[in-house]
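Working notes, structure below.
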Amino acid sequence: MSQNVPLGPLDSPHAVRRRRRRLRAPEGHLTLVGIGLVLAGIGVWVSATPPSVTVRRTSGTYRIGGATLAARGDGTYVGAGGVIVFDEKGGVVRAAASSTLNGKPMVGLCTWARGSREERCRFRLGDRRLTAIDALTASGWDRHYEGGSEVLLNTGGAATPVPFAVDAS
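One point on numbering: in my numbering, the residue at position 168 of the sequence shown is 168, and numbering is uninterrupted.
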């Protein structure tokens, strides 16, 4: 006895069943996964790192970010970006600055006692008043504003007062 199995037309997808291949990860898949995790970690670290501004003071200039103020004598530096005045009495350094930040007038005052690892600053930015505490680190000041924002002031490790409201948004 024979059995007739209707196969249908030869070009029918049902005429012959083919075994499908399973997709397999390449042999180095663990390496790729590891690289992906490292890159993701770097992305998280970069997004969590506070902004940084470079500040340098010499006898002839005071540079903050892209602005340069020239020395005018007696601890005064003046430039298109504003003015800063330094005064020291009894080991206490006071620095006051006047400038414009995001189109708003800005005035600031920072006080630092020589030998201390902390600087305290007060600012008026337009109608807004804010304070900040700067902690001295190996690279400069780690500034914490009262509202919780943070900025790194890279002074090359020098305890250079920074009476400018930097990134105080």
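Ideal Cβ positions, reconstructed from N, Cα and C, are used throughout, including at glycine.
Note that this is a predicted model, so its numbers are computed, not measured.
For residue i, which beta-bridge partners are listed by DSSP?
| i | result |
| --- | --- |
| Arg117 | For Arg117, which the question treats as bridged, DSSP gives no partner whatsoever. |
| Pro105 | Thr100 |
| Ala70 | Thr61, Val78 |
Can you tell me the Cα-Cα spacing of residue i and residue j, whole angstroms?
| i | j | result |
| --- | --- | --- |
| Pro105 | Ala165 | 11 Å |
| Ser139 | Arg129 | 27 Å |
| Gly73 | Asp87 | 12 Å |
| Ile64 | Ser116 | 22 Å |
| Thr155 | Gly147 | 23 Å |
| Thr58 | Gly91 | 19 Å |
Residue i and residue j: beta carbons closer than 8 Å?
| i | j | result |
| --- | --- | --- |
| Arg94 | Thr111 | yes |
| Ala132 | Tyr145 | yes |
| Gly60 | Ala70 | yes |
| Ser52 | Leu152 | yes |
| Pro163 | Leu109 | yes |
Nearest to residue i by CA position, among the options, is which residue?
| i | options | result |
| --- | --- | --- |
| Ala171 | Ser99, Glu150, Pro161, Leu152 | Any answer about residue 171 is impossible in this case: the structure gives the chain only from 1 up to 169. |
| Arg120 | Val107, Ser52, Arg143 | Arg143 |
| Lys89 | Val78, Ala113, Thr76 | Ala113 |
| Glu118 | Asp167, Gly157, Val83 | Gly157 |
| Gly103 | Asp134, Ile84, Gly126 | Gly126 |
> Which residue spans inside the segment 126 to 152 form an unbroken beta strand (DSSP E) run of at least 3?
Replying inline: 128 to 136, 140 to 145
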